[in-house]
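In our numbering, the protein residues as written are 0 to 158. C-beta atoms are modelled at their ideal positions from N, C-alpha and C, and glycine is treated no differently. Computed from a predicted model, the values in this text were never measured in an experiment.
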Amino acid sequence: LQDYSQMDPLEINAGKFDLSYIKLGGNIGCMVNGAGLAMATLDVLKECGGEPANFLDVGGGASREKVAEAFKIILQDRDVRGVFVNIFGGIMRCDIIAEGIVEAASEVRCVLPIMVRMDGAQVKEGKRLLLDSKLNARCVDSLGAGAAGIVQMVAQASA
């Protein structure tokens, strides 16, 4: 049994799309695939001086539509000032992740900084899609560089 009156509305909405989402108190939205990678991402963000706004695991085989819904849920949090996407594409293809991000961010006219660290299947295509979009997005190759980069981008945008 769940008492929906005790849950954050974003958590309820995420459940409708089979997304693991937990609202936290920070300002950097996180979209990650895999609970272990998500927890590591939150830890590294904190080490870099960032404050995660959420835990969001899209899972291993998410569709473009599921990724887009996940990204929109992150953007519905009024505390979010930037988004960090950390994906390891084994089963999950990086181009599908990129398509979902571009679709959602374009639909809601996102101007927030977006930092993307992804590696694995179709990574070159995924990075190309993000860099060719008109989003305020940067791609990096490591978790540490991504976490430090989004912390810096959010600080600059807030200054």
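Other residues of its chain near Leu23: CB distance less than 7 Å, five sequence neighbours each side excluded: Pro51, Ala52, Asn53 and Phe54
Ile113, DSSP secondary structure in three states: strand
Three-state secondary structure assigned by DSSP to Met30: strand
CB-CB length for Gly119 against Gly88, believed under 8 Å: 3 Å
Taking the alpha-carbon positions, what's the Leu9 to Ala67 distance? 15 Å
Could you please give the first and the last residue of the uninterrupted beta strand (DSSP E) stretch that includes Asp56? Asn53 to Asp56
Beta-carbon spacing of Asp78, Gly25 below 9 Å: yes
Expressed to the nearest angstrom, what Euclidean distance is found between the alpha-carbon atoms of Gly60 and Ala97? 14 Å
Determine the contact status of Phe57 and Met38, defining contact as a CB-CB distance below 9 Å. Looking at the sequence shown, residue 57 is not Phe but Val. Not in contact: Val57 and Met38 (Cβ atoms no closer than 9 Å).
Between the Cα of Arg80 and the Cα atoms of Asp7, Ser105, Ile149 and Leu41, which residue gives the shortest distance? Ile149
Is it buried or exposed, Asp7, if we count other Cβ atoms within 10 angstroms and call 16 or more buried? exposed
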